[in-house]
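Numbering (full-length UniProt numbering), first residue to last: 1 to 441.
Every residue, glycine too, gets a C-beta built ideally from N, C-alpha and C.
See below for the structure under consideration.
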Amino acid sequence: MSSIPVYLFTFNCARQLINPHAVAPHLFAALDPSAPPPALLAIALQEVCPLSYGLLAADRISPYLDQWTAVPHLATAAAAANLPEYILVARESIGMTALLLFAATPERVANIRFAAAGFGPTGIANKGAVAAKFTYSHPPSTAVEITIVSAHLAAHEHCTDQRNADWEALVRGLVFDTAAGQTPAPSHPGTSEATPLLSKSQSHPAIDSGIAKPPSASGIYSPGAHLLVLGDLNYRTSATAPSPGDYASAFPHAPADLAAFLTRDQLSAEHGAGNTLHGLVEAPVTFPPTYKYTSSKRHTAAVTDKDTVVSKANEWNWAPHRWPSWCDRILWLPVPNTNPSVHNDVTPHKYTSIPSIAFSDHRPVALHASLPAVVTTDGNDIRANPPFGVNSDWAVQRLNAVARERALGYAILGMTTPGGIAIVGCAVFGVLVLWWAVAGL
1 MSSIPVYLFT FNCARQLINP HAVAPHLFAA LDPSAPPPAL LAIALQEVCP
51 LSYGLLAADR ISPYLDQWTA VPHLATAAAA ANLPEYILVA RESIGMTALL
101 LFAATPERVA NIRFAAAGFG PTGIANKGAV AAKFTYSHPP STAVEITIVS
151 AHLAAHEHCT DQRNADWEAL VRGLVFDTAA GQTPAPSHPG TSEATPLLSK
201 SQSHPAIDSG IAKPPSASGI YSPGAHLLVL GDLNYRTSAT APSPGDYASA
251 FPHAPADLAA FLTRDQLSAE HGAGNTLHGL VEAPVTFPPT YKYTSSKRHT
301 AAVTDKDTVV SKANEWNWAP HRWPSWCDRI LWLPVPNTNP SVHNDVTPHK
351 YTSIPSIAFS DHRPVALHAS LPAVVTTDGN DIRANPPFGV NSDWAVQRLN
401 AVARERALGY AILGMTTPGG IAIVGCAVFG VLVLWWAVAG L
């Protein structure tokens, strides 16, 4: 069976404005040279910018996304493998979480729709998820629907239940409501950040005629579609913070320590208990924990050119106040009724972290895989029986959350920038003068 090679990359950026030239040489470090080069490239980002910028209009976050948009072009030039040029076909964000989608043959991508959901108090997107659903044509006339989710779930060791609740909120809140081929409503009203870079008129004819139009409202689980979930899922290796003595006695410090330490992984336990990431699977985890590293090298790695960003892969500079954990993960929904002889399931080629990108307290994770061009289905498939239904009030709740995000974003900006502090100070001074004047009457 024909397949669609994909490369998925997820990274918590620690709110840093990156230098594309520093990141690009390492973007494709997880490529399997024996596998087909990717036709699709998805970059999922968390904490891509400061919180106040993410909560405000898209012009605040655009400079951060622009830097990442430049990375694939530079990366293909630097890669040892013979890679095609990857063209940006869409990008979208909510809060500090973003998703960028590139294609080697962009005319094969069509019917792009977006969905976004916040997981913070009253739906505010300090944590959240953004997803793209689109159709991808594969010669000669087939087309398949693909959904890719970039997610950032609740932090801290003791918040396992909250992470599970965030997953439920993700499934319920990521609703693709725009009719296929139409421009979706942006998460940042009044900007063009959510607009697909391919219009309906640029769609490949095979897509429009070869696949049924998506329903007017659908979630991330869709019959006959691929589902890929990646991001800082934040599951830890303990429910409590480490004690001072744990760094020396209980942290992993060599590759031989990893297998036993992985048995503590909360995601594996919660997934096995049916509490999260329902139906999805993951390739074997053979890389070190991706969090939490010390931040001593962050600034220089973010702004320096070329290979100065490289850290030694065998140096695990753990932060002593957090348990090392596999926070950053990539999972996919397997195809039912698979037959190994015809290769009709997702095939992972390489799944690993990229320790050479070292300016964050996280390390990126990437998956090189091949998706079957056709997704079989049956009555027991979770695609037709999702774990949670979509939220019927999602649109109103998101609109209300956006208003609260704007207010919070301006408040944070006002308290964390010199200009904002000056304005707040003047306002407070004015109120005090007015109070003094009124009190003296």
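- Burial state of Ala401 is buried, judged by a 10 Å Cβ sphere holding 16 or more other Cβ atoms.
- In the displayed model, His349 falls within a strand according to three-state DSSP.
- If the five residues before and after Leu153 are omitted, its C-beta is found closer than 6 Å to the C-beta atoms of Arg163, Asp166, Leu233 and Asn234, all from its own chain and listed in chain order.
- Closest option to Ala155, judged by alpha-carbon separation, among Trp323, Phe388, Asn111 and Ala116: Trp323.
- Note that the C-beta distance between Phe176 and Ala131 is below 9 Å.
- In the DSSP assignment, the residues bridged to Phe114 are Ala132.
- Phe176 carries a strand assignment under DSSP once its states are collapsed to helix, strand and coil.
- The beta carbon of Ser3 lies closer than 8 Å to those of Pro36, His343, Thr347, Ser370, Leu371, Pro372 and Ala373 in the same chain, with the five residues before and after it left out.
- If you look at Arg60, you'll find it in the alpha helix (DSSP H) that goes Ala58 to Thr69.
- Sequence-distant Cβ neighbours of Thr240 in its own chain, meaning closer than 8 Å and more than five residues away, are Glu157 and His158.
- Excluding its 5 nearest sequence neighbours in each direction, Ile43 has C-beta neighbours in its own chain below 7 Å: Phe9, Trp68 and Leu100, listed in chain order.
- Boundaries of the beta strand (DSSP E) around Phe11: Ser3 to Asn12.
- For Asp232, the pairing in a beta bridge is given by DSSP as His152 and Asp328.
- The C-beta distance from Ser137 to Arg108 rounds to 4 Å, short enough to meet the 8 Å contact threshold.
- Where Glu157 is concerned, there is no enclosing alpha helix (DSSP H), because DSSP gives it neither an H nor an E.
- Rounded to whole angstroms, the gap between the alpha carbons of Ala110 and Pro288 is 37 Å.
- One alpha carbon belongs to Ile61, the other to Tyr53, and they sit about 6 Å apart.
- Using a 10 angstroms sphere on the CB of Ala403, the tally of other CB atoms stays under 16, which defines it as exposed.
- For Arg91, the beta-bridge partners assigned by DSSP are Leu100.
- Counting of Cβ neighbours within 10 angstroms places Met96 among the buried residues, the total reaching 16 or more.
- Note on geometry: alpha-carbon atoms of Ile87 and Thr105 lie some 8 Å from one another.
- Beta-bridge annotation (DSSP): Gln46 is paired with Asn12.
- By the criterion of a C-beta distance shorter than 7 Å, Pro33 is surrounded in its chain by Ala81, once the five residues flanking it on both sides are discounted.
- Per DSSP, Leu262 is one residue of the alpha helix (DSSP H) stretching across Leu258 to Leu262.
- Between Ala24 and Val71, the gap from beta carbon to beta carbon is short of 9 Å.
- Shown here, Glu145 sits in a strand according to DSSP, grouped into three states.
- When secondary structure is reduced to three states using DSSP, His278 falls in the coil class, being assigned neither helix nor strand.
- Looking at the DSSP output, Ser218 bridges to Phe176.
- Per the Cβ contact rule, the segment 316 to 335 is in contact with the segment 357 to 367 (3 or more Cβ pairs under 8 Å).
- Of Leu55, Leu174 and Asn12, the smallest CA-CA separation from Arg406 is found for Leu55.
- The beta carbon of Tyr291 sits closer than 6 Å to the beta carbons of Ser325, Cys327 and His362 from its chain, once the five residues preceding and following it are set aside; these are given in chain order.
- In the structure shown, Pro20 falls within a helical segment according to DSSP collapsed to helix, strand and coil.
- Gln266 is not a Cβ neighbour of Ala151, given a cutoff of 9 Å.
- Restricting attention to Ala169, Ala115, Leu41 and Val149, the CA atom closest to the CA of Pro387 is found in Ala169.
- Contact annotation, Thr237 with Arg264: C-beta distance approximately 4 Å; criterion of less than 8 Å satisfied.
- Pro106 carries a helical assignment under DSSP once its states are collapsed to helix, strand and coil.
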